[in-house]
Ligand SMILES: NC(=O)c1ccc[n+]([C@@H]2O[C@H](COP(=O)([O-])OP(=O)(O)OC[C@H]3O[C@@H](n4cnc5c(N)ncnc54)[C@H](OP(=O)(O)O)[C@@H]3O)[C@@H](O)[C@H]2O)c1
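Residue numbers (the numbering used here): 134 to 384.
What follows is the structure, given as structure tokens:
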């Protein structure tokens, strides 16, 4: 069960090899997290993430395999995670693919990004919401992005997938009202991880540790949206900028 401060004893991480998820897991394991299921596609990276979680204080860590390019398998993967974990206090969604070649209008890159960043997560979250509703409680945390708030021209495929997932998650949270399940969307600026390796710095950037701290603090609240860094909430004003100006902002 989540404690009085919203801190979980059991968690499932979809995207268990994500650098940001790793920072969140370490922060949670230093608190109350003991039972953990890390789900991902690569057994070796999953084992390494599991070792870090154990070193941080987790006691029972299991792994589940899935491929986020296979949307038809998403519900099965979530069911396996819940069956292995037992009651799940927290589900963290950290799956995503960032394409660096969106200017080339590459249809296979579009399919890869949209499937792993929007379609698979949306189906997986739907199944997780059903399982948590059956429990009668639980927290779902979705790692969203500032690009979801206003999609940048230079990165519109990934940005639109994150925008779709962000809107989906907000809608899911509303649909779950009264079930005891809360959905939190964490909108974060660029953080140095393997996803952003080689990219230049960006305004309102952050770190994996700051993201972890914000997730932990967010769990203590029932906030629907958590902004990282906090000043990033002003990015919402970007929605007021006319597209004719917005498209001129360099990437
Ligand atoms: N870093 C940032 O600046 C930033 C900013 C805003 C939002 N986010 C979001 O934060 C989340 C975590 O990103 P991150 O920065 O920690 O990057 P990351 O380390 O690359 O994490 C991405 C995760 O998605 C998994 N994944 C990708 N394709 C998959 C597939 N076909 N099947 C299964 N798993 C797959 C990766 O698995 P592998 O380890 O096997 O590749 C990894 O676990 C993502 O949703 C991302 O969109 C990141």
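Every residue gets a Cβ at the ideal spot worked out from N, C-alpha and C, and that includes glycine.
Query, Result
"Touching by the beta-carbon criterion (3+ pairs, under 8 angstroms), the stretch 217–230 and the stretch 257–267", "yes"
"Touch test, the stretch 235–251 against the stretch 153–165, Cβ-Cβ under 8 angstroms, three pairs minimum", "no"
"Cβ-heavy atom distance, residue 276 to ligand 1, below 6 angstroms", "yes"
"Identity of the residues DSSP links to residue 144 by a beta bridge", "169 and 223"
"Beta-ladder partner(s) of residue 321, from DSSP", "278 and 361"
"Unbroken beta strand (DSSP E) run spanning residue 196, endpoints", "193–198"
"Close beta carbons around residue 372, own chain, < 6 angstroms, minus the five adjacent residues each side", "283"
"Inter-residue Cα distance where the pair is residue 206 and residue 250", "15 angstroms"
"Residue 317: CB within 6 angstroms of a non-hydrogen atom of ligand 1", "no"
"First and last residue of the uninterrupted alpha helix (DSSP H) at residue 163", "Neither: residue 163 is in no alpha helix (DSSP H) and is coded neither H nor E."
"Buried/exposed call for residue 374, threshold 16 Cβ in 10 Å", "exposed"
"Residue 175 beta carbon near ligand 3 (any heavy atom closer than 6 angstroms)", "The model depicted lacks ligand 3 and carries ligand 1 instead."
"From 357, 279 and 324, residue whose alpha carbon lies closest to that of residue 308", "357"
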